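Below is one structure, written out as structure tokens, with a few remarks after it.
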Amino acid sequence: DVKVTQSSRYLVKRTGEKVFLECVQDMDHENMFWYRQDPGLGLRLIYFSYDVKMKEKGDIPEGYSVSREKKERFSLILESASTNQTSMYLCASSQGAAIQPQHFGDGTRLSIL
Amino acid sequence: SQQGEEDPQALSIQEGENATMNCSYKTSINNLQWYRQNSGRGLVHLILIRSNEREKHSGRLRVTLDTSKKSSSLLITASRAADTASYFCATDSNDYKLSFGAGTTVTVRA
């Protein structure tokens, strides 16, 4: 069965810290995505990657960066965490074109104090 | 940018009733997908409808698509407590990305 694993379910960090969120998929998928989910706003795409070492900005990339050194792993980095980055972060993967379903992890609820 | 908008934002129904939610979008699409999210979990893909299809069924789910009105509906028949969740539509208009709406929260009362 398809599995996307996010390293932490809950994370509390301080303003100004560098924060790493990790995501691993076991399906050999080409595409991986990072979203943030906020009440009333749905899912907003931060970054995605369609191949190893490739990345593209989504709709809200400011304050974030990503790393994809291996096909199965996609990391989201908050360079200098701020309180407005408190949110639920969801990782997803898919194979091929956008018609293919995305498979999601269970999310990381990140609080920045 | 967000493409889809679900309506209503929230829906409360009795077990056994049908639940209908709608999704409207702004620009032309290739396909439209519906996802479910249970509380505290990630999204799970439910069904896909292509732009040249008008209706699709999967078990108790029925999806319609009207490209002239840029809208889709998801009907869940004979609802169960386990259908309590948030439901999202997602559209794709380019190669890799999906654009999600804000979701409809469905509560099924026993």
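As given, the protein sequences belong to chains A and B, one line each in that order.
Just so we're aligned, residue 67 is where the first sequence starts under the working numbering, counting upward by one.
Just so we're aligned, residue 2 is where the second sequence starts under the working numbering, counting upward by one.
We put the beta carbon where it would ideally sit given N, CA and C, even for glycine.
Bear in mind that the values here come from a model prediction, so they are computed numbers and not experimental data.
List, in chain order, every chain B residue whose beta-carbon is nearer than 8 Å to that of D172/A. At a beta-carbon threshold of 8 Å, the residues of chain B lying near D172/A are G41, R42, G43, ordered along the chain.
Helix, strand or coil for A82/B per DSSP? Here A82/B sits in helix by DSSP.
Report the neighbours of I165/A on chain B: residues whose CB is nearer than 9 Å to its CB, in chain order. What I165/A touches in chain B: N31, N32, Q34, L49, R51, D93.
Taking only three categories from DSSP, how would you classify Q91/A? Judged by DSSP in its simplified three-state form, Q91/A adopts strand.
Can you pull the chain B neighbours of F114/A, defined as C-beta to C-beta under 8 Å? The answer, in chain order, is Y97, K98.
Got a sec: is the Cβ-Cβ distance from L87/A to anything in chain B below 8 Å? L87/A does not count as touching chain B.
Say whether chain B places a C-beta atom closer than 8 Å to the C-beta of L111/A. Closer than 8 Å: yes.
Can you look up T81/A in the DSSP assignment and give me helix, strand or coil? T81/A falls in the coil class under three-state DSSP.
By the 10 Å Cβ neighbour count, where 16 or more other Cβ atoms means buried, how is M22/B classified, buried or exposed? By the 10 Å Cβ count, M22/B comes out buried.
Kindly list the residues whose CB is nearer than 6 Å to the CB of K79/A, restricted to its own chain and excluding five residues on each side of it in sequence; keep chain order. Close CB contacts of K79/A within its chain, under the 6 Å cut and outside five residues either way in sequence, are with V85, A147, I178 (chain order).
One or two residues paired with N97/A in a DSSP bridge: BP columns for N97/A point to S160/A.
How would you list, in chain order, the residues of chain A whose beta-carbon sits under 8 Å from the beta-carbon of H46/B? Those within 8 Å of H46/B in chain A are P167, Q168, H169.
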